[in-house]
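Numbering (the working numbering), first residue to last: 225 to 527.
As structure tokens, this is what we get:
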């Protein structure tokens with residue numbers, strides 16, 4: 225059991241997501257950086273599909289009445305233990321009965337993941353324990369954690385070693401690699417030059433549904449199209465020309481042209497972007513994107 229003494233800004237129960245429900249309008253969702261959560265699960269001895277916590281920008285204070293083994297992966301946050309023991313990332317941490325773990329603000333990036341031995345044992349909805357905030361289901365009562373919540377944990381297992389190579393966290397001003405989208409041909413030379421030659425800023429209206437970018441407008445010949453299937457990482461260009469990178473809880477279909485898609489190998493960097501960060505795009509070949517996905521263990525449905 226984990227007791228939430230103080231909730232953070234946005235603490236969500238997440239696993240690797242739910243597949244097979246796109247026809248019902250339900251995206252895969254799940255952890256914004258699946259590899260980071262999988263690494264944490266492996267560190268504490270869980271199956272990689274076990275549920276943990278995704279913590280965004282400012283973290284919670286958690287108590288472990290019976291103790292436990294946990295691991296933190298992803299962005300570095302200010303963190304302390306009531307025992308005074310040191311806290312490191314990407315290692316298994318043994319917590320004594322009654323010990324508390326307090327996470328403060330993010331020091332690098334935007335999100336971290338907390339895995340606990342046994343996993344967070346909330347009920348499955350559509351085959352997943354992930355929270356889907358837009359529709360209010362999954363996770364813990366379909367919502368962000370609140371102070372006073374109690375999270376059940378599953379059966380313990382033997383700890384193991386992390387076998388997932390996590391990419392380094394990059395500072396603001398990063399470059400996201402993309403492959404051409406299905407409507408790339410609908411963009412004229414000026415539009416493509418703006419998209420690939422400009423620095424964009426992540427706007428304040430960004431969340432798990434999508435990152436709304438602010439910068440040079442991208443011109444194109446077709447303002448809207450018949451609805452088509454889309455995946456996380458797809459970059460849509462609405463009529464105002466300001467690109468939108470679709471997120472993990474984003475729509476499964478849309479009518480705006482898709483100029484490009486962020487490769488899954490760069491999803492760990494995408495997960496760490498927060499409002500105010502800046503970025504640029506760089507195009508690479510599809511076979512290169514597939515090779516990078518295999519090398520980093522970040523294969524997704526789109527690759």
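Backbone N, C-alpha and C define an ideal beta-carbon position, used for all residues, glycine too.
- Taken atom to atom, the span from the alpha-carbon of residue 229 to that of residue 378 is near 20 Å.
- Taking C-beta atoms as the reference points, residue 497 and residue 435 count as a pair closer than 8 Å.
- For residue 225, no alpha helix (DSSP H) run applies, since DSSP gives it neither H nor E.
- Distance from the CA atom of residue 361 to the CA atom of residue 413, rounded to whole angstroms, is 44 Å.
- Within the model, the alpha-carbon separation for residue 267 versus residue 260 is close to 11 Å.
- In the structure shown, residue 419 adopts helical secondary structure according to DSSP, grouped into three states.
- For secondary structure counted as the beta strand (DSSP E) over 3 or more consecutive residues, the region 397-473 holds these complete runs in sequence order: 398-404, 424-426, 434-438, 458-460 and 468-470.
- With fewer than 16 other CB atoms across the displayed protein chains lying within 10 angstroms of its CB, residue 376 is exposed.
- For residue 511, the enclosing alpha helix (DSSP H) begins and ends at 510-520.
- Linking residue 300 to residue 449 through their CA atoms gives a straight-line distance of about 41 Å.
- With contact defined as three or more Cβ pairs closer than 8 Å, the region 265-282 and the region 327-342 are in contact.
- Here the C-alpha atom of residue 238 lies approximately 16 Å from the C-alpha atom of residue 231.
- For residue 268, the uninterrupted alpha helix (DSSP H) segment begins and ends at 258-268.
- Under the three-state reduction of DSSP, residue 490 is assigned to helix.
- Distance from residue 324 to residue 236 at the Cβ level is roughly 20 Å; contact not present, criterion being Cβ atoms closer than 8 Å.
- With 16 or more neighbouring CB atoms inside 10 Å of its own CB, residue 258 falls in the buried class.
- Closest option to residue 304, judged by alpha-carbon separation, among 319, 298 and 290: 319.
- Boundaries of the beta strand (DSSP E) harbouring residue 238: 234-238, taken from the DSSP string.
- In this structure residue 278 is buried. Its beta-carbon is surrounded by 16 or more other beta-carbon atoms within 10 angstroms.
- Inter-segment contact for the region 238-256 and the region 505-522 is absent: fewer than three beta-carbon pairs are separated by less than 8 Å.
- Of the other Cβ atoms in all chains shown, fewer than 16 fall within 10 Å of the Cβ of residue 289; this residue is therefore exposed.
- In the structure shown, residue 345 falls within a coil segment according to DSSP collapsed to helix, strand and coil.
- In the same chain as residue 442, and ignoring 5 residues on each side of it, the C-beta atoms closer than 7 Å to its own belong to 411, 415, 418, 419, 461, 465, 467 and 483, in chain order.
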